[in-house]
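Protein chains in written order, with the UniProt record's numbering: chain A, 1 to 499; chain B, 1 to 499; chain C, 1 to 499; chain D, 1 to 499.
Ideal Cβ placement from N, Cα and C applies to all residues, glycine included.
Nothing here was measured: the structure is a model prediction, and the numbers come from that model.
Worksheet: one structure, shown below.
Number of protein chains: 4
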Amino acid sequence: MNTVLHLIDGQLVPGGSRSAPVYNPATGAVIREVALADTTTVQRAIESAQEAFPAWRNTPPLKRARILSRLKELLEQNAEKICALITEEHGKVLADAMGELQRGIENVEYASWAPELLKGEHSRNVGPGIDSWSEHQALGVTAGITPFNFPAMVPLWMWPMAVACGNTFVLKPSERDPSSALLVAELALAAGLPPGVLNVVHGDKEAVATLLTDPRVKAVSFVGSTPIAEYVYATGCAHGKRVQALGGAKNHAVVMPDADIPNAVSALMGAAYGSCGERCMAVPLAVCVGEATADAVVAALQAEIAKMKVGPGAAPGVDMGPLVTKAHFEKVRGYVDQGVAEGATLVVDGRGVQVPGFEGGYYLGACLFDHVKPHMRIYREEIFGPVLGVVRVQSLQEAMELIDAHEYGNGTCIFTRDGEAARHFSDHIQVGMVGINVPLPVPVAYHSFGGWKRSLFGDLHAYGPDAVRFYTKRKTITQRWPSAGVREGTVFSFPSSSR
Amino acid sequence: MNTVLHLIDGQLVPGGSRSAPVYNPATGAVIREVALADTTTVQRAIESAQEAFPAWRNTPPLKRARILSRLKELLEQNAEKICALITEEHGKVLADAMGELQRGIENVEYASWAPELLKGEHSRNVGPGIDSWSEHQALGVTAGITPFNFPAMVPLWMWPMAVACGNTFVLKPSERDPSSALLVAELALAAGLPPGVLNVVHGDKEAVATLLTDPRVKAVSFVGSTPIAEYVYATGCAHGKRVQALGGAKNHAVVMPDADIPNAVSALMGAAYGSCGERCMAVPLAVCVGEATADAVVAALQAEIAKMKVGPGAAPGVDMGPLVTKAHFEKVRGYVDQGVAEGATLVVDGRGVQVPGFEGGYYLGACLFDHVKPHMRIYREEIFGPVLGVVRVQSLQEAMELIDAHEYGNGTCIFTRDGEAARHFSDHIQVGMVGINVPLPVPVAYHSFGGWKRSLFGDLHAYGPDAVRFYTKRKTITQRWPSAGVREGTVFSFPSSSR
Amino acid sequence: MNTVLHLIDGQLVPGGSRSAPVYNPATGAVIREVALADTTTVQRAIESAQEAFPAWRNTPPLKRARILSRLKELLEQNAEKICALITEEHGKVLADAMGELQRGIENVEYASWAPELLKGEHSRNVGPGIDSWSEHQALGVTAGITPFNFPAMVPLWMWPMAVACGNTFVLKPSERDPSSALLVAELALAAGLPPGVLNVVHGDKEAVATLLTDPRVKAVSFVGSTPIAEYVYATGCAHGKRVQALGGAKNHAVVMPDADIPNAVSALMGAAYGSCGERCMAVPLAVCVGEATADAVVAALQAEIAKMKVGPGAAPGVDMGPLVTKAHFEKVRGYVDQGVAEGATLVVDGRGVQVPGFEGGYYLGACLFDHVKPHMRIYREEIFGPVLGVVRVQSLQEAMELIDAHEYGNGTCIFTRDGEAARHFSDHIQVGMVGINVPLPVPVAYHSFGGWKRSLFGDLHAYGPDAVRFYTKRKTITQRWPSAGVREGTVFSFPSSSR
Amino acid sequence: MNTVLHLIDGQLVPGGSRSAPVYNPATGAVIREVALADTTTVQRAIESAQEAFPAWRNTPPLKRARILSRLKELLEQNAEKICALITEEHGKVLADAMGELQRGIENVEYASWAPELLKGEHSRNVGPGIDSWSEHQALGVTAGITPFNFPAMVPLWMWPMAVACGNTFVLKPSERDPSSALLVAELALAAGLPPGVLNVVHGDKEAVATLLTDPRVKAVSFVGSTPIAEYVYATGCAHGKRVQALGGAKNHAVVMPDADIPNAVSALMGAAYGSCGERCMAVPLAVCVGEATADAVVAALQAEIAKMKVGPGAAPGVDMGPLVTKAHFEKVRGYVDQGVAEGATLVVDGRGVQVPGFEGGYYLGACLFDHVKPHMRIYREEIFGPVLGVVRVQSLQEAMELIDAHEYGNGTCIFTRDGEAARHFSDHIQVGMVGINVPLPVPVAYHSFGGWKRSLFGDLHAYGPDAVRFYTKRKTITQRWPSAGVREGTVFSFPSSSR
């Protein structure tokens, strides 16, 4: 059985005495091992990044950008191979994997526009004969810690922009599905990224702790659950770093009475069950305004769910693959049990789903709850599974109060055709990413991604324009030249004497 | 004896059972008391800010901006009164106080340009029929904790932009010289700022701890010493806030052999001894490249120092006032003793200075050391007093290595007429604010202020464009409208039925 | 009878042998004369501007900006006086004059933000060791030619930003109502604008021709009718200048069946009859989608018009004042006759209005046509009077085709509550300024004003960000410094020999 | 003999009854014919562009951008083929052709960043509940008329950004060397550009006149000589278009006494003789400050010129190829005769150069004049050939007065190591592109290209950020939604009735 190695200083290397199994969730089989870096190994990666920094920082931005352009081409050429790894280790269906990779490529593309994005502000004559300008300079060694649910995309939110800005990087992808991020990193080397500019270490708490405390690491980007995000933010900041830590979510979709219901339901299906709901931008809650709206939505969802096919992600025609691990499968199933116990109406029960020939896989069918209430755990907590709850309210105001009272504020959306309702909602709602008739309002790569409240810790969002600011520090230069000696009288004397 | 009160919800109020004396450092006399807020009082201020937030956030930016424009006028009209308070409580000479206030007014002016600064980015057709745009929305309650050395200016770095962006604010100025910041806040009310939008609490550790831990406070700006900055950053972040914490400095001025020496020396005089060196942008170290350069600089400095007049800040013709407190005076004098003990050459000794009629004041004359070495405490530590040390090096490279090895990276400057030397220095030096023939490269109000290394914790600098980002959070809206029902066929049916 | 003089080089001076009467349209009386500049006088103004340019261009932007801030204060203090002049010479009611002035003040305010707006783009390392940046430098002498209908505001669209950018300016306001622009210019001098930076010449064709052909004038801004705009654009460009020439309009408001009809009608009243319709952003055409919509709109308009009071603009309670001149009055009345002859239904006839005691004034009551058709002259031509025509169509598509087929494309608006209809309209309509439930979508001062098609000739709009670009030219500097002589070896030799 | 055809609506087509020979200037042989479009043919191209516009304008910017990314790849893959055509028809050496193409590719690259560049400005709450934003919308059909000297690059300055912004385009390349631009256009089709989005017509005055007068063409970009630029600007503007017309140049390089002379001379060699001086950014004048400087520069230039090899551009080791046509060759040689007659010192005479085996080619060796004076025609006029003149002055001030007095203001540079001299020069000089120790300060693709004075007519420069503004028109939308009907009470009634 082969082992997924670390990528340090341009080389695939072992490191650390521990390792962990990597499963195929479609079958439950262990398919490979992944090395778990100890502190020394992580430090070796940091050192490699530190050494690569001075030359990389001095490489003109356009030259750095073009390596990313070449990487974009390589990613397109190797898309099938990368997506096969995503599906194999994560479980999501191939079309989903392709969508994920495509989004990741868009982040590489945006990072390749760095020369435009790095422009500073220049002011002539801030005072008589005095000019001032700002430069967005690189930080040094930066790091990223990424989750299992988008094993290829989330790393691409981070390191391409970090290196485009002149930093070097240490990536610790999820140890549950580490292979696609590693392959992408190898392609980056093939595209011309110098050794040491991007290093990949696999690991667990020990690796995370090293990245958060080593003084050479200047910035940490994290995506994961809220408790870990909070730990990462507090720990990294306590060690003087800049940190952006993206956490959990519980995104509500509001369906107004004037919504185009078939479209809304079609959108909800993808948003709730796509990638088994293992997305921080998934929509696990549909808030229907008015009983008639709720009745129509629930009926239509039920009909749609009946058509869904669950199975291994790599098989043709499958709509939903397995959950990522056995433990997670059990946790999600437990939430369904809990919802029933709490009194929500389980309209569709996916707990008994069978996938012949893949009995070892972690399959759960789509579940649909009606009459979910705010006090229930299935309302309050992030399930991260294929469980959609319908909440019934009597007004948009009530819907908005629910959303604003929730711990998380990642994404939300409203289905309506009314301009006023949409504007009132998008202006006031305490959520960072808002969709108007768009179920998953993930910003495009040239805007930025980030939630509010306990969905994000830090002041700058991920990717897009904010990432440029996160991965650079401002230097402000103020310049005045002394009196016009060379230009005027003394000009003729010294050059003759100096040469 | 009167007591400086808190300003909460538009009212001057007491709060907390403790108080502290406020001294006039020119005489050593206690001139008033300042109330020290307990937790309850700070919470009351936070609550007032929280209640004022919804209405203020919805006030159009231009209307908010115009209140700041009116404040600017009021500050100009009340400049003498404000500066008298600064000098009385801090000690700096009146011209310095006026310079400080003028800088503060420029920050108010910049904040009044908020409608331009708050513009978000709008993208039509991110996909077919889909638009996306970002808004920079207010955070809620924000807070500022400011130091004694610029009692009027540093608060004006913070709250005007915070409120221009739609936030409300709780300010805790230094309890050593609290009166000028309070007067400015009262003028802001007079300019039309609604009660509760800006609150001022005086206090010490207890007040600071409350601001850092209360969950309603979303962001904290701090300026002070590095150990406290570090504590503020770690604590505020551990409580989930965004924090920018500006700490100490030890700014080096490099004098190149081709510098215009008289100009450089004149610049150094102000930079080293202005406001008694109690500035985070002061220049306590002159790094001279070449022995001849050093000899010339030391000789010229010595001559200039001989002309300086030390005395009470409010008296005419005085160049340098007293240090801020007796404790600080003794600390600074101790550093001079230490420098002598460490083997530096004390070229000018200001320890024995006498100011007739003001024997109780905390006066220390300008001190000049030559042959300061990197291992000495007077080289490594921030003295924050009128002590200038000359370091002799043999090349710009050596000078830059010294600077980059130092703990702090706030400001630095180079005196040269050579374009290449200036560019090499400004590009590579690990310092946030760089002057080229400008001794105190404090960025103008429409650029941003911030150091690197242990001079600033956080990812966004103070005031200027960065402050807009610090005091707002990005909301990204993605919008697609459903099929063209109203525009096309069904248009004529429903309006008749809905009205 | 006194004469309105030119303002050249800071002095009120006569110039030219010709003059013209200035009327009070409320009474028909001649109230003063205005000097008409001959070519020599205009050249004198240009020369003054040319001489003032070098020093003004070198004045730091912030210092220039602050003069505009002071002007803003003076305008607020002198608002009544300015507005009295506007009403006296133009005829509009005082509240309208105040609205106009307020908009003008906002342009002064925006220009006072120039230091932010003038920032150039700085790129470090466009190549190894090579930096590049852009500066937005002043052009030199610039000129503005402004119309009678906003005698105070339109000049303030132009010269404050022009001078904020470092240019000097020659303004030729309308000779029909020249006094308010002149008073504003005198206040600018009082605010600190140096003599020669802003000059005002009154005149007619001769003055215009001189401004368009003198090689020292680098840029011309014009607002007026389309034929003159076209002449100004062609002539100015043929003389190598940059020109922005804003012309006529015929703005359509679309009322959808789902519109809030009372609000829409209320909005239309102000948009159609405010300032007698003498606005390039007036709405002389209401396009109603569906017969029922049209019936409701016409009935409500008729009821509102019945409540309007026509009279002298300075009298209390008056809604609409006189037209600007007798000739214009007759032209507008002729259009009403024409509309009747063409077969439109004259629902409200304002032709017989009487204002007792002001029989010499140029009063026309509000006129309302229904069943206006695209072939009619009252549809095709700009009337610039209190004449509103209702066009009936069966779909938004039909409305949009009408609008796009019209010669002009200045402003338009749609009344609807449907997000899709609004977005489809605003995206596709070939008009430069679009209102969604906003009848006069005049952009705020921090956005830019400009129509499309034959409503504007040039590539940059008036005021706002575009004005910064119009009044500056880009300079791009690329900088590489030679080898590190001073910084390295040779450093010690030459300074000793050069001093 | 084959004929270079037009590219209209995605097809290579003939058009017009006239044609012209295309020469190989290295041999003097006619190598092909080029069709010359008559008015009908140009109108056909415009019509194709007009028809392609609506769909292309609605294509999301990112999709448009990616076609340009693919074109970039194709250009890299076909570089040799394109450059062979450039050299064959223009004469420049292959390395020069490659440099030209590389610059052109960078413009394609920049245009592929369009989604970032097209972002508009969004303002929430310009008033209560009112939002306003701007969009940079496409113009429609745009056109470019390009010169012989950069047959591949200058078209790439124009059409990629025009189409990235959603416009369609008609290109008229120089009829003297039309093949490379046509090949690039065919590659654009291969990259996915829809037929009609980019059309190429070859032609002369008739084609130009059609493009300038057809009302469907909304914008014209031109690069050529100043008299034609002036005609294009006047004519296009008189027909209501926006026009940017780049004309001639006479770029001065100032050599200061403290310059690094060997570097400056090396830079001057390339700048003066590269591409036979047929560049609008060539440096035909070296202004030396001080006699000693001039003596050193002239001596070093003479030595360098002696090493140059003249010959066919496609041959290895050749430094300079032939001039573009026989007529141009004679014109340039005539200038050399003229310079001698005017009294300048002809230090190096390239008139007698012989290239064995290529006697029919238009070869002229490098010519160097010393003691050139401002009154001479070789000083005042653009020669566009390998003729460098040295002007001797006594101070930078004198050099700057010369430059500012010259008709043209395209580019200039200064060689110095003095920061003050460089800043004084770059701030004040009346030239659009300034180099500091950079002989040809052609801005990189993410900045903009443009001269001042009679080197450019229009207000926006070519390529870079300015091109985005030139190829788009601003639309400003102001939006307020009516009262909250749907959101509040009436919400439940209408949906039931409307579906």
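Could you please give me the residues that DSSP links to V283 of chain C through a beta bridge? On the third sequence, position 283 is the one that residue 283 of chain C refers to. The beta-bridge partner set that DSSP reports for V283 of chain C is empty.
Backbone secondary structure at F150 of chain B - three-state DSSP: Looking up residue 150 of chain B in the second sequence gives position 150. In the structure shown, F150 of chain B sits in coil (DSSP, three-state: anything other than H, G, I, E or B).
First and last residue of the uninterrupted beta strand (DSSP E) at K218 of chain B: Numbered from 1 along the second sequence, position 218 holds the residue referred to as residue 218 of chain B. Taken as a continuous stretch (DSSP letters only), the beta strand (DSSP E) holding K218 of chain B covers 217-223.
Residue environment, Q479 of chain D, which counts as buried when at least 16 other CB atoms sit within 10 Å: For the purposes of this step, residue 479 of chain D is taken as the residue at position 479 of the fourth sequence. Buried is the label assigned to Q479 of chain D, since at least 16 other Cβ atoms lie within 10 Å of its Cβ.
Look at the Cβ atom of A52 of chain B, then the Cβ atom of T168 of chain B, and state whether they are nearer than 8 Å. One-based indexing of the second sequence puts residue 52 of chain B at position 52. One-based indexing of the second sequence puts residue 168 of chain B at position 168. Yes.
For chain D, find out if any of its Cβ atoms is closer than 8 Å to the Cβ of W481 of chain B; answer yes or no. Taking the second sequence and counting its residues from 1, the one referred to as residue 481 of chain B is at position 481. It does not: the Cβ of W481 of chain B has no partner Cβ on chain D nearer than 8 Å.
Got a sec: which bits of the stretch 113-129 of chain B sit with their beta carbon under 8 Å from any beta carbon on chain F, in order along the chain? Annotation note: the requested chain F is absent from the structure, which comprises protein chains A, B, C and D.
Whole alpha helix (DSSP H) runs in the stretch 33-85 of chain A with 4 or more residues, listed along the chain? Inside the stretch 33-85 of chain A, DSSP marks whole alpha helix (DSSP H) runs of 4 or more residues at positions 39-58, 61-77, from first to last along the chain.
Segments assigned beta strand (DSSP E), at least 3 residues, entirely inside the stretch 188-268 of chain D: Counting only runs of 3 or more residues that sit fully inside the stretch 188-268 of chain D, the beta strand (DSSP E) segments are 198-200, 217-223, 242-246, 252-255, in chain order.
Considering only DSSP beta bridges, list what V13 of chain A is partnered with. To locate residue 13 of chain A, count along the first sequence from 1; it is residue 13. The partner list for V13 of chain A (beta bridge, DSSP) reads A:H6.
Using only CA atoms, which one of B:E116, B:A238, B:S180, B:L156 lies nearest to S132 of chain D? Locating residue 132 of chain D in the fourth sequence gives position 132, counting from the first residue. Among B:E116, B:A238, B:S180, B:L156, the Cα nearest to that of S132 of chain D is on B:E116.
If we ignore side chains and look at the alpha-carbon of each, how far apart do N58 of chain A and G166 of chain A end up? Position 58 of the first sequence, counted from the start, is the residue given in the question as residue 58 of chain A. Position 166 of the first sequence, counted from the start, is the residue given in the question as residue 166 of chain A. Inter-residue distance for N58 of chain A and G166 of chain A is about 8 Å (C-alpha atoms, whole angstroms).
Consult DSSP for Y363 of chain D and reduce its assignment to one of helix, strand or coil. Counting from 1 along the fourth sequence, the entry for residue 363 of chain D is found at position 363. In the structure shown, the three-state DSSP call for Y363 of chain D is coil.
With respect to the beta strand (DSSP E) encompassing residue 551 of chain A, which residues constitute its N-terminal and C-terminal limits? Residue 551 of chain A is absent from the structure shown; chain A starts at 1 and stops at 499.
Is the number of C-beta pairs between the stretch 90-98 of chain C and the stretch 272-286 of chain C that are closer than 8 Å three or more? Because the criterion of three Cβ pairs below 8 Å is met, the stretch 90-98 of chain C and the stretch 272-286 of chain C touch.
Range of the contiguous beta strand (DSSP E) that encloses N107 of chain A: Mapped onto the first sequence, residue 107 of chain A falls at position 107. Element bounds for N107 of chain A: not the beta strand (DSSP E) but the alpha helix (DSSP H), 94-111.
Who does residue 502 of chain C pair with in a DSSP beta bridge? No answer is possible for residue 502 of chain C: the residues shown for chain C start at 1 and end at 499.
Taking the alpha helix (DSSP H) that S426 of chain A falls in, what are its first and last residues? On the first sequence, residue 426 of chain A is found 426 positions in, with the first residue counted as 1. Taken as a continuous stretch (DSSP letters only), the alpha helix (DSSP H) holding S426 of chain A covers 419-428.
Interface positions of the stretch 398-421 of chain B facing chain D (Cβ-Cβ less than 8 Å), listed along the chain: Answer in chain order: T416, R417, D418, G419, E420.
Give me whichever residues DSSP pairs with W452 of chain B in a beta bridge. Within the second sequence, residue 452 of chain B is the residue found at index 452, counting from 1. Beta-bridge partners of W452 of chain B (DSSP): B:G409.
Which residues, in chain order, does the stretch 233-253 of chain A contribute to contact with chain B at a C-beta distance below 7 Å? Closer than 7 Å at the C-beta level to chain B, one finds these residues of the stretch 233-253 of chain A: Y233, A234, C237, A238, G240, R242.
Whole-angstrom distance between P227 of chain A and residue 551 of chain B, CA atom to CA atom: With chain B covering only 1 through 499, there is no way to say anything about residue 551 of chain B.
Is it a yes or a no for the stretch 207-215 of chain B touching the stretch 193-208 of chain A, going by three-plus beta-carbon pairs under 8 Å? In this structure the stretch 207-215 of chain B does not lie against the stretch 193-208 of chain A, because fewer than three pairs of beta carbons, one per stretch, are closer than 8 Å.
Residue-level contact to chain C via CB, F222 of chain D, 8 Å cutoff: Taking the first residue of the fourth sequence as position 1, residue 222 of chain D is located at position 222. It does not; no Cβ of chain C falls within 8 Å.
Mind checking who I145 of chain C pairs with in its DSSP beta bridge? Along the third sequence, read from residue 1 onward, the residue named residue 145 of chain C stands at position 145. Answer by DSSP bridge pairing, in chain order: C:K172, C:F222.
Evaluate contact between the stretch 242-257 of chain C and the stretch 343-361 of chain C, counting only Cβ atoms and requiring at least three cross-stretch pairs below 8 Å. No, the stretch 242-257 of chain C does not touch the stretch 343-361 of chain C.
Using a cut-off of 8 Å between C-beta atoms, extract the partners of E186 of chain D located in chain B. Residue numbering aside, residue 186 of chain D sits at position 186 when the fourth sequence is read from its first letter. Neighbours of E186 of chain D on chain B: none; closest Cβ ~28 Å, over 8 Å.
Tell me, to the nearest whole angstrom, how far the beta carbon of residue 500 of chain C is from that of H447 of chain D; I am working on the premise that it is less than 8 Å. Here chain C has residues from 1 to 499 only, and residue 500 of chain C is not among them.
Under 7 Å from the C-beta of M161 of chain D: neighbouring residues of chain C: Sequence index remark: in the fourth sequence, residue 161 of chain D carries index 161 (1-based). Within chain C, no residue has its CB atom less than 7 Å from the CB of M161 of chain D, the nearest being about 14 Å off.
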